[in-house]
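Colleague: In our numbering, the protein residues as written are 529 to 821.
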Ligand SMILES: Nc1ncnc2c1ncn2[C@@H]1O[C@H](COP(=O)(O)OP(=O)(O)OP(=O)(O)O)[C@@H](O)[C@H]1O
Ligand SMILES: [Mg+2]
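#1: Roughly how many whole angstroms lie between the Cα atoms of residue 716 and residue 808?
#2: Check the DSSP bridge columns for residue 675 and list the partner residues they point to.
#3: Which runs of the beta strand (DSSP E) fall wholly inside the stretch 601-676 and span at least 3 residues, in chain order?
#4: When the Cα of residue 644 is compared with those of 790, 659 and 676, which residue comes out closest?
#5: Given the structure, does residue 786 come close to ligand 1, in the sense that its CB is under 7 Å from one of the ligand's heavy atoms?
#6: Against chain B, with Cβ distances strictly below 8 Å, would residue 543 count as a contact?
#7: Indicate, with yes or no, if ligand 2 has a heavy atom lying under 7 Å from the CB of residue 783.
#8: Rounded to the nearest angstrom, how far is the Cβ of residue 580 from that of residue 711, given a contact under 8 Å?
#9: Would you say the beta carbon of residue 638 comes nearer than 7 Å to a heavy atom of ligand 1?
#10: With residue 539 as the anchor, note down where its alpha helix (DSSP H) starts and where it stops.
#11: Using the rule of at least 16 other Cβ atoms within 10 Å of the residue's Cβ for burial, across every protein chain shown, is residue 578 buried or exposed?
#12: Quick one, which of 594, 595, 544 and 534 has its alpha-carbon nearest residue 568's?
#13: Ignore the nearest five residues each way along the sequence and tell me which others in residue 709's own chain have a CB closer than 7 Å to its CB.
#14: Would you say the beta carbon of residue 822 comes nearer than 7 Å to a heavy atom of ligand 2?
#15: Let me know if residue 694 comes out buried or exposed under the rule of 16 or more other beta-carbons within 10 Å of its beta-carbon.
#16: For residue 678, verify whether its CB is less than 7 Å away from any heavy atom of ligand 4.
#17: Using only alpha-carbon positions, find the residue among 763, 628 and 555 that is nearest to residue 469.
#18: Could you tell me which residues DSSP puts in a beta bridge with residue 566?
#19: Looking at the unbroken beta strand (DSSP E) that takes in residue 688, where does it start and where does it end?
#20: For the alpha helix (DSSP H) holding residue 711, just list the boundary residues, first then last.
#21: Quick one, which of 664, 642, 747 and 592 has its alpha-carbon nearest residue 682's?
#22: Give a yes or no on contact between the stretch 751-766 and the stretch 686-703, applying the rule of three or more CB pairs nearer than 8 Å.
#23: Going by the C-beta, is residue 673 closer than 7 Å to any heavy atom of ligand 1?
#24: Do residue 688 and residue 608 count as a contact pair if the criterion is CB distance below 8 Å?
#25: Sorted by chain position, which residues of the same chain lie with C-beta nearer than 8 Å to residue 707's C-beta, five sequence neighbours on each side aside?
#26: Out of curiosity, what's the CA-to-CA distance linking residue 663 and residue 686?
#27: Can you tell me whether residue 508 is helix, strand or coil according to DSSP?
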């Protein structure tokens with residue numbers, strides 16, 4: 529994979545965060561957590577995803593270990609992995625920023641785009657592949673984010689592309705196995721304990737195949753892929769022998785649609801507060817969540 533100077537990436541990202549202006553960056557997409565950049569901006573050779581900074585190198589290493597274990601689990605489950613390398617950039621303030629580097633994907637192969645382009649049918653091999661992958665990966669302490677926008681489909685293999693926030697829980701299932709402060713620092717201190725509890729409980733949704741795939745269906749509703757909702761539910765129920773109901777997925781979608789725009793607003797308030805009190809805000813926030821047009 530091409531050598532990238534992540535100090536340089538971090539400098540450009542820091543400037544964009546400071547100026548709240550992404551015009552010097554080339555964005556490939558964003559989810560609810562990370563923003564994905566094409567790098568270098570003028571002649572891109574790679575996709576880079578920035579994980580919010582850890583307080584020190586040890587915590588960044590702990591996160592990298594959890595990611596490595598996640599790759600190992602996926603390999604063991606025979607799930608396709610988009611080639612991904614992790615890089616720790618230590619900043620002069622002592623913080624450590626992890627970047628994921630990948631080849632730039634052909635987005636016509638993105639699961640959501642594949643189904644959007646496909647003629648409607650009772651079933652699709654991509655839905656079969658994702659359902660079987662979820663069944664092999666989900667466990668009590670490992671959630672799997674199976675939404676269609678996290679997969680590439682080349683016509684025969686489903687390949688996962690999203691590794692920035694592995695849903696790896698401790699035995700008690702009450703905590704992530706890496707320092708969640710990195711993700712929580714974007715929120716006001718008073719709401720962090722509440723959010724930590726909310727998010728951890730949300731993550732437990734993904735620890736069963738039925739929950740993870742219910743979330744995938746909820747995301748199809750978000751993406752306007754309504755004609756694929758019933759085929760997806762039929763695929764899930766017949767392959768897993770479960771009884772996922774459309775109403776359940778609708779309920780998840782309705783909840784997320786309310787929660788995530790609120791969460792982004794809270795982050796923007798915190799950004800305002802920190803930057804108006806002379807402190808540094810650490811995340812490149814999208815203009816809108818993927819729930820808003
Ligand atoms: N390697 C890549 N090449 C091109 N586009 C990409 C690549 N990786 C991600 N993207 C685009 O960016 C979007 C978000 O990427 P990804 O799912 O990795 O981010 P995320 O913030 O972790 O999302 P989530 O909300 O699932 O946590 C993808 O759906 C896709 O559109
Ligand atoms: Mg994603």
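We put the beta carbon where it would ideally sit given N, CA and C, even for glycine.
These numbers were taken from a predicted model, which means no experiment stands behind them.
Modeller: Let me spell this out:
#1: Walking along the chain shown from the start, residue 716 turns up at place 188. Walking along the chain shown from the start, residue 808 turns up at place 280. Near 13 Å, if we compare the C-alpha coordinates of residue 808 and residue 716.
#2: Along the chain shown, read from residue 1 onward, the residue named residue 675 stands at position 147. Paired residue(s): none; residue 675 is not in a bridge.
#3: 613-618 and 624-630
#4: Taking the first residue of the chain shown as position 1, residue 644 is located at position 116. Cα-wise, what sits closest to residue 644 is 676.
#5: Residue mapping note: residue 786 aligns to position 258 of the chain shown, counting from 1. No - ligand 1 has no heavy atom lying nearer than 7 Å to the Cβ of residue 786.
#6: No chain B appears in the structure shown, which is made up of a single protein chain.
#7: Position 255 of the chain shown holds residue 783. No, Cβ of residue 783 sits at least 7 Å from all heavy atoms of ligand 2.
#8: Walking along the chain shown from the start, residue 580 turns up at place 52. Walking along the chain shown from the start, residue 711 turns up at place 183. Right, their Cβ atoms sit about 6 Å apart.
#9: Indexing the chain shown from 1 puts residue 638 at position 110. Answer for residue 638: yes, Cβ within range of ligand 1.
#10: As a first step, residue 539 is located in the chain shown; it is residue number 11 there, counting from the start. Element bounds for residue 539: 534-547.
#11: Taking the chain shown and counting its residues from 1, the one referred to as residue 578 is at position 50. Looking at its Cβ environment, which holds 16 or more other Cβ atoms inside 10 Å, residue 578 is buried.
#12: For the purposes of this step, residue 568 is taken as the residue at position 40 of the chain shown. Residue 534 is the option with its Cα nearest to residue 568.
#13: Here residue 709 is taken as the residue at index 181 of the chain shown, counted from 1. Counting only Cβ-Cβ distances below 7 Å, and skipping sequence neighbours, we find 583.
#14: For residue 822 there is no data in the structure shown, the boundaries of the chain being 529 and 821.
#15: On the chain shown, position 166 is the one that residue 694 refers to. Buried, by the Cβ-count rule.
#16: Because ligand 4 does not appear in the structure shown, any question about it cannot be addressed here, the ligands present being ligand 1 and ligand 2.
#17: Because the chain is modelled from 529 through 821, residue 469 falls outside the range shown and cannot be assessed.
#18: The sequence position of residue 566 within the chain shown is 38, counting from 1. For residue 566, which the question treats as bridged, DSSP gives the partners 554 and 575.
#19: Here residue 688 refers to the residue found at position 160 when the chain shown is read from its first residue. Its beta strand (DSSP E) spans residues 686-688.
#20: Here the question's residue 711 lines up with position 183 in the chain shown. Note, residue 711: alpha helix (DSSP H), 709-712.
#21: Counted from its first residue, the chain shown places residue 682 at position 154. Taking only the C-alpha atoms, the option nearest residue 682 is 642.
#22: no
#23: Residue mapping note: residue 673 aligns to position 145 of the chain shown, counting from 1. Result yes, Cβ under 7 Å from ligand 1.
#24: Position 80 of the chain shown, counted from the start, is the residue given in the question as residue 608. Position 160 of the chain shown, counted from the start, is the residue given in the question as residue 688. Yes, these two residues count as a Cβ contact at 8 Å.
#25: Here residue 707 corresponds to residue number 179 of the chain shown, with the count starting at 1. The residues are 582, 583, 587, 590 and 591.
#26: Translated into the one-based positions of the chain shown, residue 663 becomes position 135. Translated into the one-based positions of the chain shown, residue 686 becomes position 158. Taking the straight line from one Cα to the other gives about 14 Å.
#27: Because the chain is modelled from 529 through 821, residue 508 falls outside the range shown and cannot be assessed.
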